[in-house]
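To start, the structure itself, in structure tokens.
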Amino acid sequence: MNPSDNLKQIVEAALLASGKAMTLDKILELFDEMERPEKKDLRAVLQELSEDYADRGIEIKEVASGWRIQVSRECAPWVSRLWEEKPGRYSRALMETLALIAYRQPITRGEIEDIRGVSVSTHIMRTLLEREWVRVVGQRDVPGKPSLYGTTREFLDYFGLKSLDELPTLAEIRDLDVINEELNLQEPDGGAVEQTTDEQKASDQEEMPAPDTSETTDEENSREEHALEPEPEPETETEPGTITAADMDTDEKQT
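Per the numbering used here, the sequence shown runs over residues 2 to 256.
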């Protein structure tokens, strides 16, 4: 096979076999030095492949890490049924935190909490860091030196973006629950990514403000006041013919 005559087929096969995004330099490494094509030829071939895949269930897309073959967004809901487990959904709190980092980076955890009005749970930050969607990019030059967070290339790859410029404008953002549903978030290999019930409860508890106990109901106040009143002493019954202390006092006065 002559590489120059079959460059399109070779590139297509390489992207399919790789299973992940490939840069132009990585594709060029597949060829010997004498047969290595020019980068402009590679770009032309990739553009042709993108047009060939336009009306198919898969597509060739350029993301932050390079070029890759992926399932088209239109077919994703049906393809996801290949896996038994239902795709996991991230909590609204996590999506809000990630969105703030993406749009306001670099940003500190304290600044995120000021904007959201609630504390950011440690579980959320750990999840974002472990997924490698977020990384520490520096420290704010203020007392305490809080960490500054920014998004990563893996974040762009996962959401099918080439750069942050492809993020929707703030005016285009609708309800985060709708965005979460449209993204159909799941593991690249089809496994579900979902917090466990205990972790969700712990996260929700951290997100919820403490209940206000400064006021009590009228019924509670009434019960408390009644509890403070002294109870009347019980009356004792005497049998007929019994002499009481009061009777003795009366007899003494009469004598």
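Every residue, glycine too, gets a C-beta built ideally from N, C-alpha and C.
For TRP79, does the count of other Cβ atoms within 10 angstroms reach 16, so buried, or fall short, so exposed? Taking all protein chains in view, the Cβ of TRP79 is surrounded by fewer than 16 other Cβ atoms within 10 Å, so the residue is classified as exposed.
Skipping 5 residues on each side, what residues in its chain have a beta carbon closer than 7 angstroms to that of VAL1? Examination of residue 1 is not possible in this model, given that the chain is present from 2 through 256 alone.
Proximity of LEU149 and GLY161 at Cβ, strictly below 8 angstroms: The answer is no: Cβ separation not under 8 angstroms.
Which first and last residues belong to the beta strand (DSSP E) in which GLU259 is found? Residue 259 falls outside the range modelled here, since the chain spans only 2 to 256, and no answer is possible.
Taking C-alpha atoms, which residue in GLU112, ARG74 and THR128 lies nearest to SER92? Across the set GLU112, ARG74 and THR128, the C-alpha of THR128 shows the shortest separation from the C-alpha of SER92.
Expressed to the nearest angstrom, what Euclidean distance is found between the alpha-carbon atoms of GLU49 and LEU168? A direct Cα-Cα distance of roughly 25 angstroms separates GLU49 from LEU168.
Could you tell me which residues DSSP puts in a beta bridge with VAL119? DSSP output for VAL119 lists no bridge partner at all.
Neighbour-count burial assignment, VAL135, 16 or more Cβ in a 10 Å radius: By the neighbour-count rule (16 or more Cβ atoms within 10 Å), VAL135 is buried.
Which residues DSSP lists as bridging VAL137, in chain order: According to DSSP, VAL137 bridges with TYR150.
Closest by C-alpha distance to GLU142, when choosing among PRO107, SER164 and ILE113: Before going further, note that residue 142 is Asp rather than Glu in the sequence given. Nearest C-alpha to ASP142: PRO107.
Cβ neighbour criterion (16 or more within 10 Å) applied to MET23: The residue is buried, with at least 16 neighbouring Cβ atoms inside 10 Å.
Threshold first: 4 residues or longer. Then list the alpha helix (DSSP H) segments lying entirely within the stretch 12 to 88, N to C. Counting whole runs of 4 or more residues, the stretch 12 to 88 contains the alpha helix (DSSP H) stretches 25 to 29, 40 to 53 and 77 to 80.
For ILE28, collect the residues of the same chain with a Cβ closer than 7 angstroms to its Cβ; drop the 5 residues on either side in sequence, then sort them by chain order. Excluding sequence neighbours, ILE28 sits near VAL12, ALA15 and LEU43.
Is it buried or exposed, THR259, if we count other Cβ atoms within 10 angstroms and call 16 or more buried? No answer is possible for residue 259: the residues shown for the chain start at 2 and end at 256.
Could you have a look at THR109 and say whether DSSP puts it in helix, strand or coil? Collapsing the DSSP output to three states places THR109 in a strand.
Going straight from the alpha carbon of ILE59 to that of SER73, what length do you get? CA-to-CA, the gap between ILE59 and SER73 works out to about 5 angstroms.
Does DSSP classify TYR91 as helix, strand or coil? For TYR91, the secondary structure class from DSSP, reduced to helix, strand or coil, is coil.
Can you give me the C-alpha to C-alpha distance between ARG57 and SER122, rounded to a whole angstrom? So the two alpha carbons sit approximately 42 angstroms from each other.
For LEU83, does the count of other Cβ atoms within 10 angstroms reach 16, so buried, or fall short, so exposed? LEU83 comes out exposed.
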